[in-house]
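Reading through the structure tokens given below for one structure.
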Amino acid sequence: MHGLLKLVAITCLISGCQTPQATSATSSPPNESLVYEQGPCFGFCPVYRFEVQRDGQYVYIGERHTQQTGRHQGVLMAEQTAKLFSLYQSIQALSLPERIDSAHCELYATDHSYLRLSYQRENASWSLHHDLGCHEFDKREALLELEQQIQRVLPINRWVNPVDQ
């Protein structure tokens, strides 16, 4: 019996008396999402919202002047999801003000729609409100190109009538 206690004590000293920790074979993706939303105008502009999760799942909500109104769900392909999140990082890198509206542009026309783009991850988030009536501001062409790329990646034609902006 005395020898057994010595063996247990030595084993405990060698192993550090630690219990094995459970480890997950796969780590869960970060809780990350983005929103692409088009707001109303004075007229018949489509009003809708897409929210996309990092795993590609999305929720589309059509409010008015869209092919489909109400809440609909779908899943983007991995390449589409990666492209969207990359485009949002590019927009954030432009370091634009949080709102691009009449206060931030030299040439402004009223009654246009707006785009709201936002990104959220655990402890970080940002949002951009782009009034489409704002026609002259710093980095306009870069922002418009990124917004058009986002529109090509999202399944907008499935849910929303294509409109010229």
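Here full-length UniProt numbering is used: position 110 in the sequence shown is 110, and no number is missing along the way.
C-beta: ideal position from N, C-alpha, C; glycine also.
Nothing here was measured: the structure is a model prediction, and the numbers come from that model.
Could you tell me the boundaries of the alpha helix (DSSP H) in which residue i lies?
i    : result
E157 : Checking the sequence, you will find Asn at residue 157 rather than Glu. Run containing N157: 156-159, per the alpha helix (DSSP H) assignment.
So, is residue i buried or exposed, given that buried needs 16 or more other C-beta atoms within 10 angstroms?
i    : result
S102 : exposed
P46  : buried
H130 : buried
L107 : exposed
S113 : buried
Q18  : Note that Q18 scores 44 on pLDDT, short of 50, meaning its location in the model is unreliable and no value can be drawn from it.
F50  : buried
E145 : exposed
M70  : The amino acid at residue 70 is misidentified as Met; the sequence shows Gly. Counting Cβ neighbours within 10 Å, G70 comes out exposed, since fewer than 16 surround it.
E147 : buried
Kindly indicate which residue of the options has the alpha-carbon position closest to the one of residue i.
i    : options               : result
R140 : L154, W159, P97       : P97
L87  : S113, P155, I150      : I150
D138 : V160, C105, N31, Q148 : C105
S127 : C134, I91, N157       : I91
S95  : N161, A142, V153      : A142
H65  : S125, N31, L132, F44  : F44
A109 : I100, C134, R152      : C134
N157 : Y48, Q89, P40         : Y48
W159 : S125, C41, E63, E136  : E63
C41  : L84, L115, Q67, R152  : L115
*In chain order, each alpha helix (DSSP H) run of at least 4 residues that lies wholly inside the UniProt domain "DUF6438" (33-153)*: 78-93, 140-153
*asked:* Any contact between the stretch 51-63 and the stretch 75-89? By contact I mean 3 or more CB pairs, one from each, below 8 Å.
replied: yes
_Three or more C-beta pairs under 8 Å: does that hold for the stretch 33-41 against the stretch 117-137?_
yes
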